[in-house]
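Scroll down for the structure; my scribbles are underneath it.
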Amino acid sequence: VQLQASGGGLVQAGGSLRLSCAASASIFSLTVMAWFRQAPGKQRTLVAIDNRGTPTFYVDSVKGRFTISRDNAKNTLYLQMNSLRPEDTAVYYCAARKSLVSSVYDYWGQGTLVTVSS
172 VQLQASGGGL VQAGGSLRLS CAASASIFSL TVMAWFRQAP GKQRTLVAID
222 NRGTPTFYVD SVKGRFTISR DNAKNTLYLQ MNSLRPEDTA VYYCAARKSL
272 VSSVYDYWGQ GTLVTVSS
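Note that the numbering used here has the sequence shown beginning at 172, numbered continuously upward.
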């Protein structure tokens, strides 16, 4: 397994979770890593992007609540999620790509389910 996501679970609205994505060293060295999510019955959407340790994108709905980061020593990408809302309920996926330009991601984790109760 090249990307392994974990940390999902059931949390009440207003609570917090931290998702982790453990990567093989060869994958983690790729330039861009990201978190996506797919809510029930909806398409997968981009949540946040980390470009070589710098967050470069957050979808509007999570700005100020979510933080993407990476730990190079642990080859791990994180998504800290605070002030969670029921509409954040989704399967969250981590992904990585080689290209700085293309939006196509080369590697995907298996997903971790986040459920936010009201």
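For each residue, glycine too, the CB sits at the ideal point set by N, CA and C.
Rounded separation between residue i and residue j - CA only
i: Tyr264; j: Arg236; result: 18 Å
i: Val272; j: Asp242; result: 23 Å
i: Thr216; j: Val262; result: 11 Å
i: Asp277; j: Gly186; result: 32 Å
i: Leu202; j: Lys269; result: The sequence shown places Thr at residue 202, rather than the Leu named in the question. Approximately 6 Å, taken between the alpha carbons.
Alpha helix (DSSP H) segment containing residue i, residue limits
i: Ser273; result: Unbroken run through Ser273: none, as it is neither H nor E.
Exposed unless 16 or more other CB atoms sit within 10 angstroms - verdict on residue i
i: Asp231; result: exposed
Per DSSP, the bridge partner or partners of residue i
i: Val203; result: Asn222 and Arg268
i: Val262; result: Gln209 and Leu284
Extent of the continuous beta strand (DSSP E) run through residue i
i: Asp242; result: Phe237 to Asp242
i: Ser191; result: Leu188 to Ala194
i: Leu255; result: Taken as a continuous stretch (DSSP letters only), Leu255 belongs to no beta strand (DSSP E), as it is neither H nor E.
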